[in-house]
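**Q** After the structure tokens below, expect a handful of questions from me.
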Amino acid sequence: MSKDIRIKRGLTLRLKGEAEKQVVEAPRSKTYAIKPPDFYTVVPKMVVKEGATVLAGDVLFFSKYDENLKFTSPISGTIKEVKRAEKRRIIEVIVDADPTDSFKDFGKMNASSSTAEAVKGRVFESGCGAFLNQRPYDIAVDSKDTPKAIFISAVTTAPLAADLGFVLKDKVAAFQEGINALQKLTSGKVHLSVDASSEEILKGITGVELHKVTGPHPAGNVGVQIHKLDPINMGEKVWTIGAEDVAILGNVFLTGEFRADRTIALVGSEAKDQKYYKLKIGANSSDLVGQVSDDIRIISGNVLTGTKLSNNQYIGFFDNTLSLIPEGNTYRMFGWLPFTYNKIHSNSRTSFSFLFPKKKYALTTNLNGEERALVVTGEMEEVLPMDIYPMQLLKACIAGDIEKMENLGIYEVAPEDFALIDYVNTSKLEAQDIIRLGLDLMITEVG
Amino acid sequence: MEWIRQKLDQFKVPFNKGNKLEKYAPAINALDTFLYTPNHTTQKGAHVRDAVDLKRTMITVVLALVPALIFGMWNGGYQYLHQLPEYAGGVPFMDAFLHGAWKILPMIAVSYGVGLGIEFAFAIFRGHEVNEGYLVTGLLIPMIMPIDIPLWMVAISVVFAVVIGKEAFGGTGMNILNPALTARAFAFFAYPTFMSGNKVWVSEASNIDAVSGETILGSLASSSDVPYSAMDMFTGIIPGSIAETSTICILAGALLLVLTKVGSWRIILSAFIGAAIMALIFNALPNMGIEGNALTNFPWYQHLIIGGLSFGIVFMATDPVSAAQTTKGKWIYGFLIGFFAVMIRVFNPAYPEGIMLAILLMNVFAPVIDHYVIQANINRRKKRAVSASGQLKTAV
């Protein structure tokens, strides 16, 4: 039985620089990189050495604690460098790309008629296990688990994020095959949520529970949808996977090749040629946007949850948006006066920006104030459409009170669900960071 | 304007990290950030942030207080001057306003001076930035005092409120009681002769016999006649604490608080409902064969517009730190404040006005209210877990 989700609380942040609905083939990068830190809790164990040649689909490294969880090369080429940070932690595996890709042949497989074991083996062997995420905790999956359900969100609500309906429009067949494979991985159901745009494309998909989602951000967050459909209790595990990643996974079964095609929306007030670009996972951001000055911030992902990139750094594994916004390292005189500086969006009513709900803003990275004690109440609840008390949960995380965190619903949240709380809260509290630390504590204490 | 910034940056050099005046940085930063919103950019979490910050929120409350303050200055002068024979023909606006301002501005200066001094000292001592909460508290304290209170009493009340009421609990955001009401309660119990009776509410009333200054609640408690109309009570041309009298000016402030969502409309509305219901219950006593007295029989709508009830509800009960934090909790908290305020008014002749004690009482109970509201959420979650797996699994 499908269940429609109507979200009322939240905030759709309207920013300047939306991507035009046009797909362009991006120039091929010279180097690509897979970044182990993208896979939370994975400790990489390298399989290939610098100088080795790899095909697209060859294993680069696997998880030290789960040998089946393999991470494969998105392109064919030569391993250029294994970049390490402090304590020899691997942060980037950089591959010099061949001019054209040659693929490792996994062999075609019909997911529907194969055994669950064979399907699971193929998913993890081809590196598609990397696309899966586990809730609770928002971490990489354990290949030995069988989740109680799998959730896919094809709903776009994050600011300027790539429209998933548009991204998937030529990939429906692969998407269907991906769903067929995912069905074999879970003991329960595969849930697919769609918005108006992706419903057009995906309404014919079979083997899923289709849910129609409406409402402001964070309605598109898979965590919010899980909370509304089938909330996670202690001891339960569900998996999530990105919508475009389902098509990549389906392609492995249809063609026997790991084709790491990613459609990126280049967005933001500082971006030129705001369009959709077809490239491979792990592409170099500078090949798309060139060298940008220090006054502009490159964000791999959307402005709420993305990661800051410097010039020549690589786009994140899961990210399908590249946002360029101005840095805000300037002073503003008497910035505290209510009803001044109305060009900066505010969800509070102390700025006239609430009178123009349709207006689009060019926001900077300025913090617009300093961090303070928690004073204002009620503002966090307005942007978290879950049956959870966000401020109390954040305080429990700060205090490291595990029993309280559990009681208040820590298993149901991920940092991205608290991104809007980062944005709106008057005290400039780093809510995503606090939730991440809280989840880390739960992993070490509870597992 | 660029040169101001450059001068400031130059001036701040000795306070920067590693330099000798480093530990005094919070004081200088407080002044700097008052002039300029800093150039800090987001380092983690969301890359863009809302324009609102605590300074803006607090200044909005200060703005909301301005109508009541201006009226309070005028009324402070008017209540005194119109009783003098030389003003029998009417009191010019400026005469009344200047008399009031002459009394009230020094109180505000003392309150801000002493309070901010303590706040700065604690910020330097604890090594955190100066919080803006005192901008509101420092203005509220003089506004709820009788006009003739000596300045040194204001100063001592401020010290007590900030040190014991706030900093002892950890500073802004951690206090249990509303600091401004803590100051008033301290003054009330420490210097009762300056805080109650029928001589303190009108300027100079204690010095000049011809000037009388009984509040409406005082008259009611002593069962004497009330010489004011409901319109007087609503506009506020009555004796009382400095800024509490004018319901209409307070409602103007309330409108700003509610429209900007800085003050909780739930608390304001439910508190007025609570007060009205309690007053209606008292009004109904004669129908039940109980005679009652002047206070119980005082019309319910007039209960809402006299004394400090509306000022307390709008500006003190809505203090987010000491109020209930959950939405349901806010309804309960507000309702009980109004309910108890009128109850204390009627039942306790020693405290003609009940709003101060009602708010302080509910401040103490706010965490309990929140606890039960949140516990309901927790129980819901546990029940769901049991129905999903047949047993409750927990980590601890």
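Listed in order, the protein sequences are those of chains A and B.
Take the first sequence: its position 388, counted from the start at 1, is 388 in my numbering, and no numbers get skipped.
In short: position in the second sequence from 1, add 1000, done, that's my numbering.
For glycine and all other residues, C-beta sits at the position ideal for the given N, C-alpha and C.
It should be emphasised that the depicted structure is a prediction, and the values quoted were computed from it without experimental measurement.
1) From B:P1026, B:N1019 and B:I1059, pick the residue whose C-alpha is nearest to that of L1257 (chain B); which is it?
2) Can you give me the Cβ contacts of L408 (chain A) inside the same chain, cut-off strictly under 7 Å, excluding the 5 residues immediately before and after it?
3) Can you say whether L355 (chain A) is buried or exposed, counting buried as having 16 or more other CB atoms within 10 angstroms of its CB?
4) Applying the 10 Å Cβ sphere with the 16-neighbour rule, what's the burial state of L1084 (chain B)?
5) Please state whether the Cβ-Cβ distance between A1109 (chain B) and S1157 (chain B) is less than 8 Å.
6) Could you spell out where the beta strand (DSSP E) holding F61 (chain A) opens and where it closes?
7) Check whether the Cβ of D66 (chain A) sits closer than 7 Å to any heavy atom of the ligand COA, and report yes or no.
8) Starting from D66 (chain A), follow its DSSP beta bridges and name the residues at the other end.
9) Quick check on W336 (chain A) - is its C-beta less than 8 Å from some C-beta in chain B?
10) Note down, in chain order, every chain B residue with its Cβ under 9 Å from the Cβ of A431 (chain A).
11) Helix, strand or coil: how does DSSP classify Y1351 (chain B) here?
12) Mind checking whether S300 (chain A) and K16 (chain A) have CB atoms under 8 Å apart?
13) Check each candidate in A:V194, A:M109 and A:S310 and name the one with the smallest Cα separation from N251 (chain A).
14) What are the complete alpha helix (DSSP H) segments, minimum 4 residues, inside the stretch 260–292 of chain A?
15) Answer with yes or no whether the minimum CB distance from N366 (chain A) to chain B is below 8 Å.
16) In chain order, what residues of the stretch 1048–1060 of chain B put their CB closer than 7 Å to some CB of chain A?
17) Using the Cβ count rule (16 or more neighbours within 10 Å means buried), how would you classify V1342 (chain B)?
18) Between N329 (chain A) and chain B, is there a C-beta pair that is closer than 8 Å?
19) Classify W239 (chain A) as helix, strand or coil using the three-state DSSP reduction.
20) Measure from the C-beta of K1020 (chain B) to each C-beta in chain A and report whether the shortest distance is under 8 Å.
21) My assumption, with CB atoms under 8 Å, is that S197 (chain A) sits in contact with D163 (chain A). Please give the rounded CB distance.
22) Against N1131 (chain B), what residues of chain A qualify as contacts under a CB-to-CB distance less than 9 Å, listed in chain order?
23) Determine the contact status of M405 (chain A) and M442 (chain A), defining contact as a CB-CB distance below 8 Å.
24) Please say whether I1104 (chain B) and I1281 (chain B) have beta carbons closer to each other than 8 Å?
25) By how many angstroms is the C-alpha of T1296 (chain B) removed from the C-alpha of I1344 (chain B)?
26) If the cut-off is 9 Å on Cβ atoms, which residues from the stretch 1164–1180 of chain B count as contacting chain A, listed in chain order?
27) Note down the Cα distance separating K1337 (chain B) from K87 (chain A), rounded to an integer number of angstroms.
28) From A:T377, A:G438 and A:I402, pick the residue whose C-alpha is nearest to that of N425 (chain A); which is it?
29) Distance cutoff 8 Å, beta carbons only. Does A419 (chain A) sit that close to anything in chain B?
30) For the stretch 357–441 of chain A, which segments carrying the alpha helix (DSSP H) assignment without a break, of at least 4 residues, lie completely within its bounds, in sequence order?
31) Output needed for I1273 (chain B): all residues of its chain with C-beta closer than 7 Å, excluding positions within five of it in sequence on either side, in chain order.
32) What residues from chain B crowd round Q313 (chain A), counting only those whose CB sits closer than 8 Å?
33) Does any C-beta atom of chain A lie closer than 8 Å to the C-beta of H1371 (chain B)?
34) Can you give me, in chain order, the residues of the stretch 389–413 of chain A that have a beta carbon less than 8 Å from any beta carbon in chain B?
35) Under a three-way DSSP split, which group does P136 (chain A) fall into?
36) Within this structure, are the beta carbons of A1123 (chain B) and E1129 (chain B) separated by less than 8 Å?
**A** Straight from the coordinates:
1) B:I1059
2) Excluding five sequence positions before and after L408 (chain A), the CB atoms of its chain that fall closer than 7 Å to its own CB belong to I388, Y389, Q392, L393 and A396, given in chain order.
3) exposed
4) By the C-beta density criterion, L1084 (chain B) is exposed, having fewer than 16 other C-beta atoms within 10 angstroms.
5) Taking the C-beta atoms as reference points, S1157 (chain B) is found no nearer than 8 Å to A1109 (chain B).
6) V59 to S63
7) In the structure shown, the ligand COA is absent, as is every other ligand, since no ligand is present at all.
8) A:S63
9) yes
10) G1045 and A1046
11) coil
12) No; because the gap between Cβ atoms is not below 8 Å, this pair is not in contact.
13) A:M109
14) 285–289
15) yes
16) V1048, R1049, D1050, A1051, V1052, D1053, L1054, K1055, R1056, T1057, I1059 and T1060
17) Around the beta carbon of V1342 (chain B), 16 or more other beta carbons lie within 10 angstroms, which makes this residue buried.
18) yes
19) Here W239 (chain A) sits in strand by DSSP.
20) no
21) Yes, they are in contact, since the Cβ atoms of S197 (chain A) and D163 (chain A) sit about 6 Å apart, within 8 Å.
22) R372, A373 and V375
23) yes
24) No, Cβ-Cβ distance for I1281 (chain B) and I1104 (chain B) is not below 8 Å.
25) 11 Å
26) G1170, G1171, T1172, G1173 and M1174
27) One point to set straight first is that residue 1337 (chain B) is Ile, not Lys, in the sequence displayed. Their Cα atoms are separated by approximately 58 Å.
28) A:T377
29) Closer than 8 Å to some Cβ of chain B, the Cβ of A419 (chain A) qualifies, so yes.
30) 390–399, 402–407 and 419–424
31) F1335 and G1338
32) Residues of chain B passing the Cβ test: none, with the nearest at roughly 15 Å.
33) no
34) Y389, M391, Q392, I402, E403, E406, N407, L408 and G409
35) coil
36) yes
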